[in-house]
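Letter by letter, the sequence shown follows residues 5 to 181 of our numbering.
Where is the CB? At the ideal position from N, CA and C, for every residue including glycine.
If you're wondering where the values come from, they're calculated on a predicted model, not measured in any experiment.
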Amino acid sequence: MYELICPHCDATVPASPAKAGGEVVCPACTKNVAVPKLGELKKLPRVDQDASSDSDDNAAHGLSGGRSMLFAMLGAVSLLCFLGAAFCGVNWASIESPGTTESHIEGLKENYEQISASRLIREYEDITEYGVDIPQPYPYRAIELRKQAWANKAIAFGAAGLLAAVIAVVVGRRKKA
Ligand SMILES: [Zn+2]
């Protein structure tokens, strides 16, 4: 950064070499200040005295700019993933599961306790003769699986969002260091 003097209010205006030949806005009077070409700009007093050389300065600026982009992109990706997770979570919550395998077995047990011994024997004979005939899959099971699929998607989106957020934080930390 180099020090320009605002022609409107005489305040010092910092100008980066990237702005050479262009304009910067004066922070004091908010008017546009013309920035001289790079050769003339470099003759002006520097604002950041600690930077060792121009090339280092440029490299640092380019790098931090790239990192800021990466940080913003990761933040956006993370946000989208969390939105996706929320969407899947809402879908998961909105599917009312009519039953589980456990409750289904409970129901069957109750049925078998209620029916007569002769009926039970007939049922047993049927099973030995024809085998166990199960309508595939049970409707409640299909709904359960659909609900489970939404839950899996929500978890996957959430994990991806968390990962992007963690990487964003790591990139953000390194930028400050
Ligand atoms: Zn000014």
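Heavy atom of ligand 1 within 7 Å of residue i beta-carbon
| i | result |
| --- | --- |
| residue 3 | Only positions 5 to 181 of the chain appear in the structure, and residue 3 is not among them; the question remains open. |
| residue 160 | no |
| residue 38 | no |
| residue 92 | no |
Minimum C-alpha distance to residue i - residue among the options
| i | options | result |
| --- | --- | --- |
| residue 46 | 36, 22, 28 and 30 | 22 |
Beta-carbon separation (whole angstroms), residue i vs residue j, contact threshold 8 Å
| i | j | result |
| --- | --- | --- |
| residue 71 | residue 175 | 6 Å |
Spatial neighbours of residue i in its chain, beta-carbon cut-off 8 Å, leaving aside the 5 residues before and after
| i | result |
| --- | --- |
| residue 99 | 147, 150, 151 and 154 |
| residue 10 | 16, 17, 30, 32, 33, 35 and 37 |
| residue 83 | 165 |
7 Å CB neighbourhood of residue i in its chain, flanking five on each side removed
| i | result |
| --- | --- |
| residue 92 | 154, 157, 158 and 161 |
| residue 79 | 172 |
| residue 13 | 30, 32 and 33 |
Range of the contiguous alpha helix (DSSP H) that encloses residue i
| i | result |
| --- | --- |
| residue 128 | 121-134 |
| residue 8 | Per DSSP, residue 8 belongs to no alpha helix (DSSP H); it is in the beta strand (DSSP E), 6-9. |
| residue 105 | 105-118 |
| residue 44 | 42-45 |
Range of the contiguous beta strand (DSSP E) that encloses residue i
| i | result |
| --- | --- |
| residue 27 | 27-29 |
| residue 39 | Residue 39 -> no beta strand (DSSP E), and no H or E assigned at all. |
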